[in-house]
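Right, one structure below, let's go through it.
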Amino acid sequence: MDGFSTLAEYVKARADMRVKCKCGREVNLPSATLGAMFGAWLTIEQATARLKCKRCFKRGVATVSPSHGR
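According to our numbering, the stretch in the sequence shown is residues 147 to 216, in order.
Below, the structure written as structure tokens:
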């Protein structure tokens, strides 16, 4: 998780969240929308558990990492 433990830390660092599902689908979530999507108080583990892949429809099987590529 590269030092981030909550979504608020992602937003503060202006780091996008790179999400990779076990099925191979990858998506980049902009930091500006993370707090609105989940609530900034959530931990990374809680947010990951809520993610649902739009390809395989599984929930909680993704890995996340920060992406500073703005």
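Backbone N, C-alpha and C fix where the C-beta goes; we use that ideal spot for every residue, glycine too. Note that the structure is predicted; figures quoted are calculated from it, not measured.
Exercise. Below 8 Å between beta carbons: does that hold for T189 and A208?
Worked result: no
For this session: Only counting runs of 4 or more residues, tell me where the alpha helix (DSSP H) segments fall wholly within the segment 190 to 215, in order along the chain.
Result: 190 to 196
Exercise. Leaving out five residues before and five after A186 in sequence, what residues of the same chain have Cβ atoms less than 8 Å from its Cβ?
Worked result: T152, L153, A154, V157 and L180
Exercise. What is the residue span of the beta strand (DSSP E) that L175 lies within?
Worked result: E172 to L175
Problem set entry | K158, enclosing alpha helix (DSSP H) - first and last residue | Taken as a continuous stretch (DSSP letters only), the alpha helix (DSSP H) holding K158 covers L153 to A159.
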